[in-house]
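Trainee: At position 50 of the sequence shown (counting the first as 1) the number is 50 in the UniProt record's numbering, and the numbers step up by one without a gap.
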Amino acid sequence: MSTGVVARVAPSAVTVKRTVPSGSTSSSTPATAVKRVQAGGHRSIALLGSEGPDDVPDTPRDTFGAVIRELGVDPSRCPVQQCAQTVQDRDQAATAVLTAYPDVTALFAYSDLIAVGAIRAALRLGRQVPESCAVVGFDGLPLGELITPALTSVHIDTWQLGELAVDQVARHLGEAADTANVVVPHLVIRDSG
């Protein structure tokens, strides 16, 4: 359901990982991640995106495009590859990008699980991570610490998101005033990017 539909149907709603009409700061950390990779000398950066609705605003896909344009990087050198959330699809998506665009030196993944597939694909293709192919994920899952090289990722505190959502529902049921809470993600810098 699109954010606009939520705003019309349920003007008092608890939304999680969605931008509400008043705005959000969730795009700032993905932008920091892309800028970090670009500052490391990477000029051809690809996005490995998750298949999903195009009407969900403020996604890493939207942020990626905006940041690439802001940095003055040629968008034609920054392909976007969609993939399903299966292990095989994640590996194939990264392999497809790195094969079709051999000048890509960094991958920004829509999720940490996609990023793990990207690391596996890059290593299988003989690329060194992060030297010849940096990889940054989006979720900040503990899994990122367990792989080699350890995954750099945009971390979102989902526990805090859940607590705030429950608090907001309780406030709504108690007819308390609506509040806006924003969980600000942060970049966890590890070895991959």
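Built from N, CA and C at the ideal position, the CB exists for glycine as well. Note that the coordinates shown come from a computational prediction; the quantities given were computed from them, not determined experimentally.
(1) So, for residue 206: in the same chain, excluding its five sequence neighbours on each side, which residues have a beta-carbon less than 8 Å away from its beta-carbon?
(2) Roughly how many whole angstroms lie between the Cα atoms of residue 86 and residue 123?
(3) Could you pull the start and end residues of the alpha helix (DSSP H) that residue 172 belongs to?
(4) Are residue 93 and residue 153 closer than 8 Å when you measure CB to CB?
(5) Restricting to Cα atoms, I'd like to know which of 171, 168 and 117 is closest to residue 148.
(6) Checking 8 Å against the spacing of the C-beta atoms, do residue 64 and residue 97 come in under that value?
(7) Is the beta carbon of residue 81 closer than 8 Å to that of residue 126?
(8) Looking at the structure shown, is residue 141 part of a helix, part of a strand, or coil, going by DSSP?
(9) Roughly how many angstroms lie between the CA atoms of residue 43 and residue 177, to the nearest whole one?
(10) Can you tell me where the beta strand (DSSP E) with residue 152 in it begins and where it stops?
Mentor: In terms of the structure at hand:
(1) The chain is shown from 1 up to 193; residue 206 falls before or after that span and cannot be answered.
(2) Within the sequence shown, the letter at position 86 stands for residue 86. Within the sequence shown, the letter at position 123 stands for residue 123. Going by the C-alpha atoms only, they are around 19 Å apart.
(3) Translated into the one-based positions of the sequence shown, residue 172 becomes position 172. Its alpha helix (DSSP H) spans residues 158-173.
(4) The count along the sequence shown starts at 1 and reaches residue 93 at position 93. The count along the sequence shown starts at 1 and reaches residue 153 at position 153. Against a cut-off of 8 Å, the Cβ pair of residue 153 and residue 93 comes out as no contact.
(5) Here residue 148 is taken as the residue at index 148 of the sequence shown, counted from 1. Of 171, 168 and 117, the residue nearest in Cα terms is 117.
(6) Taking the sequence shown and counting its residues from 1, one reaches residue 64 at position 64. Taking the sequence shown and counting its residues from 1, one reaches residue 97 at position 97. The answer is no: Cβ separation not under 8 Å.
(7) Sequence index remark: in the sequence shown, residue 126 carries index 126 (1-based). Sequence index remark: in the sequence shown, residue 81 carries index 81 (1-based). No, they are not a contact pair.
(8) For this step, residue 141 is matched to residue 141 along the sequence shown. Coil, per DSSP.
(9) Within the sequence shown, numbered from 1, the residue matching residue 43 stands at position 43. Within the sequence shown, numbered from 1, the residue matching residue 177 stands at position 177. Roughly 47 Å between the two C-alpha positions.
(10) On the sequence shown, position 152 is the one that residue 152 refers to. Per DSSP, residue 152 belongs to the beta strand (DSSP E) from 152-155.
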